[in-house]
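Everything below concerns the one structure shown next.
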Ligand SMILES: Nc1ncnc2c1ncn2[C@@H]1O[C@H](COP(=O)(O)OP(=O)(O)O)[C@@H](O)[C@H]1O
Ligand SMILES: [Mg+2]
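Residue numbers (this note's numbering): 17 to 295.
Below, the structure written as structure tokens:
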């Protein structure tokens, strides 16, 4: 496994963009996996059934009565539809949940309150098997708790844990692992709404403490930091607009790259702003 792409925001529901993204993955010719979110659809279904979703710092608490809905929406509809869409785009994909082949095991993040979990272990055996046979694994981030019951895992965190597991396995003779977060924002934005092209890992907590980065993006850039720490070589955040954007993101031509190292004396805590303004 050399590339982990996580789609969130509106992209996962945009059939045209997703078809193009699948074709990008095919033409990159890197063993890749797609990890998808889809929280908005869960919130919609929950609301229709009279359940109000609750969140803590951008992470769903997943009330026990909501867990079955998360399975239905993410593992059921969203995952299956993405696999069909991949096929229409000429890509043979296989849908997996984190419960398949012990892919994602988690420990409860809000014990007694909800079924949201933090990843405690990752088993890449099944995705690696599929990649060897030429299939693209498409992963819904529900998994199994240490108690054997269903858990819901934040998709950014799941993508990061999968990339970290792949990077830890990647030895001297194996190729590096890259991680790409596709969201509905063109990158991590500064206080003026401009894309920050590069964020040193050491600046992540400062950006969150300063309030520049909040909510889902805070969780995302923390995941980016953890990935770098585990040896993932490239970590990028951005939007997907047109064919070729995955390469552009990986090459630093779009979006925000999170890089190892510390902010230099000339770099303010809120990062460096793009010269060209919003993209
Ligand atoms: N500094 C920032 N730059 C970009 N997005 C930010 C920032 N701070 C907060 N956000 C919010 O984070 C959101 C992305 O996180 P999230 O909603 O969880 O998306 P995803 O579905 O991709 O995980 C953005 O749409 C935006 O509302
Ligand atoms: Mg999110």
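No residue lacks a Cβ here, since even glycine has one placed at the ideal position from N, Cα and C. In this text, all values refer to a predicted model and were calculated from it rather than measured experimentally.
Residue 92 has its alpha-carbon roughly 18 angstroms from the corresponding atom of residue 131. Excluding the 5 residues flanking it on each side, residue 278 has same chain C-beta neighbours closer than 7 angstroms at 216 and 218, in chain order. The chain-ordered list of residues whose CB is nearer than 6 angstroms to some heavy atom of ligand 1 reads 24, 25, 53, 74, 172, 199, 200, 201, 204, 205, 228, 229, 230, 231, 232, 233 and 236. It is roughly 15 angstroms from the alpha-carbon of residue 160 to the alpha-carbon of residue 140. Secondary structure remark: continuous beta strand (DSSP E) runs of at least 3 residues inside the stretch 38–111, in chain order: 48–52.
The beta carbon of residue 61 is closer than 6 angstroms to those of 85 and 89 in its chain, skipping five residues each way along the sequence. Residue environment for residue 157: buried (at least 16 other C-beta atoms within 10 angstroms of its C-beta). Excluding its 5 nearest sequence neighbours in each direction, residue 276 has C-beta neighbours in its own chain below 6 angstroms: 217 and 244, listed in chain order. Ranked by how close their Cα comes to the Cα of residue 28, the residues 178, 125, 154 and 69 have 154 in first place.
Annotation for residue 195: 20, 179, 243, 248 and 251 place their beta carbon closer than 6 angstroms to its own, counting only its chain and skipping 5 residues before and after. If you compare the alpha carbons of 128, 69 and 174 with that of residue 138, the shortest gap goes to 174. For residue 18, there is no enclosing alpha helix (DSSP H), as DSSP marks it with neither H nor E. Taking 8 angstroms as the cut-off, the Cβ atoms of residue 259 and residue 40 count as close. According to the DSSP secondary-structure assignment, residue 196 is paired through a beta bridge with 21 and 252. The closest CA to that of residue 76, considering only 56, 94, 264 and 95, is found on 56.
Taking a C-beta distance under 8 angstroms as the contact criterion, residue 123 and residue 109 do not qualify as a contact pair. When DSSP states are grouped into helix, strand and coil, residue 247 belongs to the coil group. Measuring C-alpha to C-alpha distances from residue 272 to each of 94, 145 and 202 identifies 202 as the nearest. As DSSP reads the structure, residue 168 sits in a beta bridge with 132 and 158. Taking C-beta separations shorter than 7 angstroms and ignoring five residues to either side along the sequence, the partners of residue 59 in its chain run 69, following chain order.
About 11 angstroms separates the Cβ atoms of residue 105 and residue 33, ruling out a contact at the 8 angstroms cut-off.
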